[in-house]
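Residue numbers (our numbering): 1 to 429.
We treat Cβ as the ideally placed atom computed from N, Cα and C, and that holds for glycine.
All of these numbers come straight from a predicted model, not from anything done at the bench.
Let me begin by presenting the structure, written as structure tokens, before commenting on it.
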Amino acid sequence: MIKFNFSGCDSFVDRTAFKEYENRASESCRILLDGTGAGSEFTGWKSLPTEITEEDFAKMEAVRDDWKAQGINLVVVIGIGGSYLGAKCALEALSHSFIPNPNAPRVVFAGNCLSEEYHAELLDLVQQSNTACVVISKSGTTTEPAVAFRLIKKHIEDTYGKAAAKDRIVAITDARKGALKTLSVNEGYRSFVVPDNVGGRYSVLTAVGLLPIVLAGFDIRAMVSGAAKELNALLNGDDSAVRYAAMRNYLYSELGKKVEILVSFNPRMQYLGEWWKQLFGESEGKEGKGIFPASLTYTTDLHSMGQYIQEGERMLFETVLCIENSRREVRICADETDLDQLNYLAGKRVEHCNEMARLGTAKAHLDGGVPQMEVHIVRIDEENLGALFFFFEFACGISAYTLGINPFNQPGVEAYKKNMFALLEKPGY
Ligand code: PA5
């Protein structure tokens, strides 16, 4: 489903030297599939698209239908990092940019920061809404979601009563252990499991991502089906993920290209960039190594970061996410006065201009010494998003192994927490 090419790297690459990277990436792919690499106990995500059952879908859809029957018009999804970015990305990509869906509750995200103003405004919102909550934490003890959940749980219990709260709160957490698991058993919350063998940043195709997505009114069956098609393609001769992993490692190790910018020409994909940054940043940024993942939205950011990309330090390469078809059609209208001199575009689609901007930018950045790769999807919908999620997860595993890194741990994330706990005078720190 995903089409990939790196012809925009041709003029930078020594094909003989690159062959070595292709061989290493192929071997990394084998290790990932065999489950013989570091962290292989966290590779359950590889088979998620084909393992999700009718029962799993039905359980998630039942929450949606139940909350619809209760007249819920606001769902607060609480989680941080891998426990929210996949769902946030899907909702940003699939929702109307301006008009709320009249057939689904509004879904907002919390527990992903410690800003007091954010929490105060969230409380303003829940007070004027018919509110339910999905709290997501694999460990059950992450500070940011725990703070937000305390506030929302209290609001729900105070407003609707303790007995009714259990029908308005769903927990997604570990199958057996952790504070959130204990709480959900004690309080009788409906709950879903984050599988032991799936880490947070690989969890979008579990209930962690799928429940908020279905609650917002989108088709999770199509999303999982897209991921399954991509999995099938990658297992049956499509070497796109291997080539992507090989080229990013070549550019990094041989040409000193230390920053990869994931670029899109559609603002809907801004949070795909955020999800992708966590995936690659947390998987590869270890042991003093790793490409720094950045993301930009063009043409917006060509008017802010375009100067740097064209002429700043030559440490960059771009991976451009190309959306082949716009789902809507808008044509530029003629104007009698033509004061803005746009009549030469009258009758043309806005997306035609966007595509010419993409091609013009590609040429300018190539001329400026920025290698480019392209990842194509046919359109932005559930099926293609599912495929994209799976493609990047698979490529990330291969790429990290090619770099000699365990993609599936995140030891560095603890450092700030220890300092914060000591400063907050948490017992034991
Ligand atoms: O990818 C990861 O493992 C992290 O981003 C976690 O998802 C994040 O720290 C949240 O952890 P938890 O779900 O345990 O609250």
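- The alpha-carbon separation between E230 and S304 amounts to approximately 35 angstroms.
- At a cut-off of 3 residues, the continuous stretches assigned as beta strand (DSSP E) that sit fully inside the segment 107 to 174 are 131 to 136 and 169 to 173.
- Between the segment 74 to 85 and the segment 123 to 137 there are three or more C-beta pairs closer than 8 angstroms, enough to call the two in contact.
- Per DSSP, reduced to three states, the secondary structure at R268 is helical.
- With distances taken between CA atoms, R168 lies nearest to E157 out of R201, Y250, E157 and R176.
- For Y21, same chain residues with a beta-carbon under 6 angstroms away, outside a window of 5 residues either side, are A246, N249 and Y250 in chain order.
- Distances taken from the Cβ of I152 to the heavy atoms of the ligand PA5 include none shorter than 6 angstroms.
- Taken from the Cβ of I80, at least one heavy atom of the ligand PA5 lies inside 6 angstroms.
- For V413, there is no enclosing beta strand (DSSP E), as DSSP gives it neither H nor E.
- Cβ atoms of I291 and Y252 come within 8 angstroms of each other, at about 5 angstroms.
- If you check the CB distance, V198 and W45 come in under 7 angstroms.
- By the criterion of at least three beta-carbon pairs nearer than 8 angstroms, the segment 388 to 401 is in contact with the segment 232 to 244.
- Taking a 10 Å sphere around the C-beta of H365, we find 16 or more other C-beta atoms and assign the residue as buried.
- Within the same chain, I261, V263 and M305 come within 7 angstroms of L296 by CB-CB distance, once the 5 residues on both sides are set aside.
- In this chain, the alpha helix (DSSP H) harbouring Q307 covers G306 to E311.
- Contact between the segment 187 to 206 and the segment 33 to 48 is present: three or more C-beta pairs spanning the two stretches fall below 8 angstroms.
- Contact check between the segment 376 to 389 and the segment 218 to 229: three or more CB pairs, one atom from each, fall below 8 angstroms, which counts as touching.
- Judged by beta-carbon spacing, E318 lies beyond the 7 angstroms limit of V350, meaning their Cβ atoms are not closer than that value.
- The C-beta distance from V194 to K138 rounds to 4 angstroms, short enough to meet the 8 angstroms contact threshold.
- A distance criterion of 6 angstroms places the beta-carbon of T142 in contact range of the ligand PA5, judged by its closest non-hydrogen atom.
- For a cut-off of 8 angstroms, the C-beta gap from L211 to F192 is around 6 angstroms, short enough to register as a contact.
- The criterion of a C-beta distance shorter than 7 angstroms is satisfied by G39 and F408.
- Separation of N232 and T159 (C-alpha to C-alpha, rounded to the nearest whole angstrom) is 48 angstroms.
- Distance from the Cα of R30 is smallest, within the candidate group C322, G237 and E374, for G237.
- In this structure T402 is not in contact with R15, their Cβ atoms being roughly 18 angstroms apart against a cut-off of 8 angstroms.
- Contact annotation, C322 with E374: C-beta distance approximately 5 angstroms; criterion of less than 8 angstroms satisfied.
- The shortest CA-to-CA distance from F280 to any of I405, S11 and M269 is the one to I405.
- Boundaries of the alpha helix (DSSP H) harbouring F18: R15 to D34, taken from the DSSP string.
- Distances from the CB of S139 to the heavy atoms of the ligand PA5 include at least one below 6 angstroms.
- Counting along the chain, M373 sits inside the beta strand (DSSP E) bounded by residues Q372 to I377.
- Secondary structure note for V208: its alpha helix (DSSP H) is the uninterrupted segment A207 to L215.
- Cα atoms of Y189 and K166: separation of roughly 5 angstroms, rounded to the nearest angstrom.
- Distance from the CA atom of L272 to the CA atom of I377, rounded to whole angstroms, is 13 angstroms.
- Rounded to whole angstroms, the gap between the alpha carbons of E329 and S97 is 15 angstroms.
- In this structure, E92 and Q270 form a Cβ contact; the two beta carbons are roughly 6 angstroms apart against a cut-off of 8 angstroms.
- Note on G140: 16 or more other CB atoms within 10 angstroms of its CB, so buried under the neighbour-count rule.
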